[in-house]
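Data first, discussion second: the structure below is written as structure tokens.
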Amino acid sequence: MAKYNVVMKWKREKTQERKRTIHGDPKTKKLKELSKHPSSLSGKRKQKLIRKLRREQKDAVEKGLVTMADVEMASAEEITKELVRASLTVPVGFILYPDTGSIAQRKERKSKAPAQEVDSMVE
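Using the UniProt record's numbering, read the sequence shown as starting at 1 and increasing by one per residue.
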């Protein structure tokens with residue numbers, strides 16, 4: 001068992017070195033921090049954010065600080081930033097299928113034998 005542990009330790013070291021040479025910093029050979037995956041944004045949350053932005057636009061126009069065109073440009077940038085950050089990336093070739101019932105129902109559907117073919121002329 002001790003020999004196995006030594007071999008696995010050696011393999012792990014080799015893979016770490018390989019990763020550092022490929023993905024690491026060229027000077028320090030340290031791996032970079034991976035960015036966090038974007039969190040999903042529900043429709044309800046998206047609507048709240050849009051309502052909040054519209055309210056802010058309305059207040060800015062009422063105060064007369066900016067023109068309507070400036071407000072629209074700023075809000076469009078903020079919305080796109082929020083949506084891009086929250087959009088969920090799906091790998092290529094990944095297809096979501098709707099749930100087709102429980103496993104028992106699927107097995108039941110598969111287990112039904114097809115109807116026997118009967119020649120109408122024979123009867």
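Quick reminder that beta carbons are idealized off the backbone N, C-alpha and C, glycines included. None of the values given here were measured: they were computed from a predicted structure.
- In this structure, the CA atom of V7 is about 47 Å from the CA atom of S42.
- For Q116, the secondary structure class from DSSP, reduced to helix, strand or coil, is coil.
- Rounded to whole angstroms, the separation of the alpha carbons of E56 and L31 is 42 Å.
- In the structure shown, K9 adopts helical secondary structure according to DSSP, grouped into three states.
- Rounded to the nearest whole angstrom, the C-alpha separation of A2 and K11 is 14 Å.
- Between R20 and K29 the beta-carbon gap is near 5 Å, inside 8 Å, which marks them as a contact.
- Spanning the alpha carbons of R54 and E33 requires a straight line of approximately 36 Å.
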